[in-house]
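Let me begin by presenting the structure, written as structure tokens, before commenting on it.
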Amino acid sequence: SVKQLIGDKLPRYVRVNTLKTTVEDAVDYLKRDGFSYLGQACRLDDLTLTEKHFVMDLYLPEVLVFSPKTDFHDHFLYKAGHIILQDKASCLPAFLLNPPPGSHLIDACAAPGNKTSHLAAIMKNKGKLFAFDLDAKRLATMATLLLRAGVTCQHLANQDFLKVDPDSPQFKDVEYILLDPSCSGSGMVCLRDDTSSADQEKVQARLASLASFQLRCLNHGLKFPRLKRLVYSTCSIHSQENEDVVTACLQQNPGFRLVSLLAQWPERGLEPLTQCLRASTAKTRTHGFFVALLEKHSEAGNTEQ
Ligand code: SAM
């Protein structure tokens, strides 16, 4: 299909796992392996690569970009956990949350754990990373992935995030939350298909149910008493799961506001939520994606308007 064709044309993105190596060492290894490095990209068009050329991403210095069909599944760097195969857009949430080493944080809907391993790398494995997922099988996959990536600061639990008690003493120092809940996946280029209008009602009902789940997760996340920042992301292109969920949440939680993200990023959240980021094949050469960063106003939250 046409959509599949677009999918085949997306660059291949690789995140360098700084728990195991450095960007410099990964680049050197790849050069010795026959790839040719063109330096850091300056424009979106620099991400259109052929053969064995590769560049460093414009905005995310730990992301390397290759031509669309580059396959790393059998590559040493992948098998040794030095590189993670992850779309550039899905590297945004952990990068933007940027939890300092030593902090306590929650990855609320974590499996299969690409963002968890990214968070651990940013924290340099120092601190406590509580990661929840409802699906035991996906959590098992995640444990394998984290082992290969050298992650050691995680505390995995096969638990419904909505049933995690925000007032439990073990979470008293949680200041950061990454929330990447189940979504329609409508941004995934390979999953997109043309739904006939007869199915529109079903699609709308599913979106409404996902949005209500996403809003409950978001509201729940904001209940952790020491929370400073929460990053919310989906791989959906539907405003019902993105801007609408965030808008409803902010109305219900006046102590929180949006943080303006990456001024240089070319695609913004839909008006008026332009502090948020969107991603798409056309504007960012990635799958469709949405990210919002919420922060608590101040320590004296309840005295504020
Ligand atoms: N953040 C993951 C990553 O980057 O690898 C992807 C997460 S995926 C979009 C959403 C996950 O949420 C699924 O693994 C699903 O099993 C999990 N999930 C759904 N409902 C949940 C709940 N109530 N509590 C915890 N996890 C849940």
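Residue numbers for the sequence shown follow UniProt numbering, beginning at 123 and rising by one. Just so you know, even glycine gets a beta-carbon here, dropped at the ideal spot from N, CA and C.
query                                                                                                                                          : result
Once the 5 residues before and after L199 are set aside, which same chain residues still bring their CB inside 7 Å of it?                      : A148, Y151 and I205
At what residue ranges does the stretch 337-367 contain a whole run of the beta strand (DSSP E), taking only runs of 3 or more?                : 351-356
Out of H226, G307, S306 and L301, state which residue places its alpha-carbon closest to the alpha-carbon of H277.                             : H226
Taking only runs that begin and end inside the stretch 226-299, name each unbroken beta strand (DSSP E) of 3 or more residues, in chain order. : 226-229, 250-254 and 276-279
Where does L166 land, buried or exposed, given buried means 16+ other C-beta within 10 angstroms?                                              : exposed
I'd like the span of the beta strand (DSSP E) that includes Y181, first residue to last.                                                       : From DSSP, Y181 is part of no beta strand (DSSP E); its letter is neither H nor E.
With DSSP as the reference, label S158 as helix, strand or coil.                                                                               : strand
So what does DSSP say about E417, is it helix, strand or coil?                                                                                 : strand
For T403, tell me which candidate among D209, F176 and R351 has the shortest Cα-Cα distance.                                                   : D209
Going by DSSP, what residue range makes up the alpha helix (DSSP H) through A211?                                                              : Premise fails: A211 is in no alpha helix (DSSP H) and is neither H nor E.
In angstroms with no decimal places, state the Cα-to-Cα distance between E173 and G156.                                                        : 10 Å
Any heavy atom of ligand 1 closer than 8 Å to the beta-carbon of C312?                                                                         : no
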